[in-house]
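Read the structure below first, then the notes.
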Amino acid sequence: MKILGIITEYNPFHNGHLYHLFKAKEITGADYVVAVMSGNFLQRGEPAIINKWARTKMALNAGVDLIIELPFVFSTQDANGFSFGAVKLLDSLQMVDYLCFGYETDNLDTLYSISNFLHIEPQKYKDLIVYNSKKGFEFPKTRSQALCEYHRKFGIDGLEKISPLDLSKLLKYPNNILALEYIKHLLNLKSKIQPVAIKRIGAGYHQKNITSNISSATSIRNEILNNLRSPKTDLCMQGFWDFLKKVKFY
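Letter by letter, the sequence shown follows residues 1 to 250 in this note's numbering.
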């Protein structure tokens, strides 16, 4: 018996999530799917567009077998805290074989090399983190600058064909950042869970406009808030729109 783990917010559950779920099951041959999902509050403290019970029902109807709520203290954290809580939870079950997530780069090996570097954390890299943090930048920018500077000065194993500029571009994509954190925490925990990555398709993570039937959660939320009378109902499962009608959202 093979069990697949997924870490998600499903805010809301849309066609991209459905593709990810089906593709993950196809690649891993998993018999069951366990999803760790944020509750009513997400990263950055943002409230979910619909409650956790409705999102759970949609995920179960789509083929997820078990939903476990990610505690508030982790669900509202940055990428590092969010991913640590979720990976630790999946690992503690002692039955999950795979963790499947999305990514936005063309070279998966690059992500593994960066994650391994973050797992090791050489002292010179830590010194660069401290130095850059004194400039007043937010941590993601501080870390990105430290990684690129370390790579330029000393080189990172596995990134011989990647320039510091290309590394900087890679670190700007949200799914790449989460993927790095997932792999890093699997390494830190010495977990037996195997990471499996699926290339993101359709709209970009932060894209605000609807461009296809696989659109970003951001664009779908904008569609709901700005076009309530005639939402594009092919973007999400029917259960999502049924819920909005039930609570008289539109």
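Each residue gets a CB set at the ideal place from its N, CA and C atoms; glycine is no exception.
Being a predicted model, the structure only gives us computed values, none of them experimental.
Extent of the continuous alpha helix (DSSP H) run through Gln145: Here the question's residue 145 lines up with position 145 in the sequence shown. Run containing Gln145: Phe139 to Lys153, per the alpha helix (DSSP H) assignment.
Minimum Cβ-Cβ distance from Pro71 to chain D less than 8 angstroms: Annotation note: the requested chain D is absent from the structure, which comprises a single protein chain.
Cβ neighbours of Asn175 in the same chain (closer than 8 angstroms, five flanking residues each side left out): What you label residue 175 is simply residue 175 of the sequence shown in a count that begins at 1. Counting only Cβ-Cβ distances below 8 angstroms, and skipping sequence neighbours, we find Phe101, Gly102, Tyr103, Glu104, Arg200 and Tyr205.
Proximity of Ser133 and Cys148 at Cβ, strictly below 8 angstroms: Within the sequence shown, the letter at position 133 stands for residue 133. Within the sequence shown, the letter at position 148 stands for residue 148. The answer is no: Cβ separation not under 8 angstroms.
Status (buried if at least 16 other CB within 10 Å, exposed otherwise) for Ile120: Against the sequence shown, residue 120 aligns to sequence position 120. By the neighbour-count rule (16 or more Cβ atoms within 10 Å), Ile120 is not buried but exposed.
Per-residue DSSP class, three states only, for Gln194: Within the sequence shown, numbered from 1, the residue matching residue 194 stands at position 194. Reduced to three states, the DSSP call for Gln194 is strand.
Bridge partner(s) assigned by DSSP for Val64: Sequence index remark: in the sequence shown, residue 64 carries index 64 (1-based). The partner list for Val64 (beta bridge, DSSP) is empty, contrary to what the question assumes.
Per DSSP, the bridge partner or partners of Val34: Translated into the one-based positions of the sequence shown, residue 34 becomes position 34. Its beta-bridge partners are Gly5 and Leu66.
Member of Asn107, Tyr150, Leu108 and Leu42 whose CA lies at the smallest distance from the CA of Asp127: As a working mapping, residue 127 is identified with position 127 in the sequence shown. Checking every option, the nearest Cα to that of Asp127 belongs to Tyr150.
8 angstroms Cβ cutoff met for Leu90 and Gly5: Position 90 of the sequence shown, counting from 1, holds the residue named residue 90. Position 5 of the sequence shown, counting from 1, holds the residue named residue 5. Remark: C-beta atoms of Leu90 and Gly5 approach each other more closely than 8 angstroms.
Tyr98, enclosing beta strand (DSSP E) - first and last residue: Taking the first residue of the sequence shown as 1, we reach residue 98 at position 98. Its beta strand (DSSP E) spans residues Tyr98 to Tyr103.
Selected residue, minimal CA-CA separation from Gly39, among Ile67, Ala30, Leu165 and Phe22: Counted from its first residue, the sequence shown places residue 39 at position 39. For the residues Ile67, Ala30, Leu165 and Phe22, the minimum Cα distance to Gly39 belongs to Ile67.
Other residues of its chain near Ala30: CB distance less than 8 angstroms, five sequence neighbours each side excluded: As a first step, residue 30 is located in the sequence shown; it is residue number 30 there, counting from the start. Answer for Ala30: Lys2, Ile3, Leu4, Ala24, Asp97 and Tyr98, listed in chain order.
Minimum C-alpha distance to Ala54 - residue among Ala86, Asn11 and Val36: For the purposes of this step, residue 54 is taken as residue 54 along the sequence shown, with counting starting at 1. Here the closest residue by C-alpha is Asn11.
Check whether Leu189 and Val87 have beta carbons under 8 angstroms apart: Here the question's residue 189 lines up with position 189 in the sequence shown. Here the question's residue 87 lines up with position 87 in the sequence shown. For Leu189 and Val87, yes; Cβs fall inside 8 angstroms.
Contact set for Ile177: own chain, Cβ-Cβ below 6 angstroms, skip 5 residues either direction: In the sequence shown, the residue the question calls residue 177 occupies position 177. Counting only Cβ-Cβ distances below 6 angstroms, and skipping sequence neighbours, we find Ala79.
Proximal residues to Ser191 (C-beta, below 6 angstroms), its chain only, five neighbours per side dropped: Here residue 191 corresponds to residue number 191 of the sequence shown, with the count starting at 1. Contacts found: Asp91.
Buried or exposed (CB count within 10 angstroms, at least 16 for buried), Leu170: Within the sequence shown, residue 170 is the residue found at index 170, counting from 1. The residue in question, Leu170, is buried, as its Cβ has 16 or more Cβ neighbours within 10 Å.
Cutoff 7 angstroms; reference Phe82; Cβ partners in own chain excluding five residues on either side: Here residue 82 corresponds to residue number 82 of the sequence shown, with the count starting at 1. Cβ within range, chain order: Gln43, Phe74 and Ser75.
N- and C-terminal bounds of the alpha helix (DSSP H) containing Thr110: Looking up residue 110 in the sequence shown gives position 110. Leu108 to Ile120 is the span of the alpha helix (DSSP H), which, as asked, contains Thr110.
C-alpha distance - Ala146 paired with His185, whole-angstrom precision: Residue numbering aside, residue 146 sits at position 146 when the sequence shown is read from its first letter. Residue numbering aside, residue 185 sits at position 185 when the sequence shown is read from its first letter. Near 20 angstroms, if we compare the C-alpha coordinates of His185 and Ala146.
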